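With the working numbering, you'll find the sequence shown wraps up at 425, consecutive numbering, no jumps.
To start, the structure under review is shown below, and the notes come after it.
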Amino acid sequence: KRLSRYTVEKWAKEFMKSLNSTLKEDTDNAVQKMNPTNQDSMLNDYNKSQKRLLFLDYDGTLAGFKNNPQDAKPDAELITLLDQLNEKQNTDFVIVSGRDRETFEQWFNHKSYSLITDHGVWLKDKNEDWKMLERLKTDWMDNILPILESFVDRTPGTFIEKKKYSLAWH
256 KRLSRYTVEK
266 WAKEFMKSLN
276 STLKEDTDNA
286 VQKMNPTNQD
296 SMLNDYNKSQ
306 KRLLFLDYDG
316 TLAGFKNNPQ
326 DAKPDAELIT
336 LLDQLNEKQN
346 TDFVIVSGRD
356 RETFEQWFNH
366 KSYSLITDHG
376 VWLKDKNEDW
386 KMLERLKTDW
396 MDNILPILES
406 FVDRTPGTFI
416 EKKKYSLAWH
């Protein structure tokens, strides 16, 4: 029944409409890329500042995207870079991620980094224990999962990552 209503022609029309809409949004929200001028300005501001707090996104920024999210483990080069940043006077940083707390415990627990996981559910300040920032209900996921599954069915190569407090469609 669903296939007779949702034909290839209808799917293609909706897909192209969505694609064209996304292209317009991308143009409207274009990101300014780093160039020598704004890089120099940013470094100058950084060096002049008395106290610095940096929020560093993990996936796609500190670590590249992987087909299997668990393969994005920090390498020795990243750990060395973070350790060097951690030693800078008047500079604090927080690694922010949608990943689960347990994964970050395995990867970073021996380090005195500030961490935020599960899209803001858990916080670990330097050298402190984990704190749950918000008690969340998860019963909503049972209602949303079938909707996301319908998108997976229509979008080859995508999958749903089920987390404790969220669902991620990749």
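Idealized CB from N, CA, C, for every residue including glycine.
If you're wondering where the values come from, they're calculated on a predicted model, not measured in any experiment.
Annotation: the continuous alpha helix (DSSP H) that includes Thr292 extends over Pro291 to Lys303. Residue burial is scored here from C-beta neighbours: Thr372 has at least 16 other C-beta atoms within 10 angstroms and is therefore classed as buried.
Pairing Val407 with Trp424, the inter-Cα distance amounts to about 8 Å. As for any beta strand (DSSP E) of minimum length 3 sitting wholly inside the segment 327 to 407, the runs are 346 to 351, 369 to 372, 377 to 379 and 385 to 387, ordered along the chain.
The shortest C-alpha to C-alpha distance from Gln361 to any of Lys392, Gln325, Asn345 and Gln344 is the one to Gln325.
Spanning the alpha carbons of Ser296 and Thr335 requires a straight line of approximately 26 Å. Trp377 and Arg356 do touch by the CB rule: their CB atoms are close to 4 Å apart, below 8 Å. According to the DSSP secondary-structure assignment, Ala318 is paired through a beta bridge with Asp314. Counting the other Cβ atoms within 10 Å of the Cβ of Gly353 gives 16 or more, which makes it buried.
Using a 10 angstroms sphere on the CB of Tyr301, the tally of other CB atoms stays under 16, which defines it as exposed.
Bounds of the beta strand (DSSP E) holding Lys417 are Ile415 to Lys417. About 11 Å separates the CB atoms of Ser369 and Lys386; that is not less than 8 Å, and the two are not in contact.
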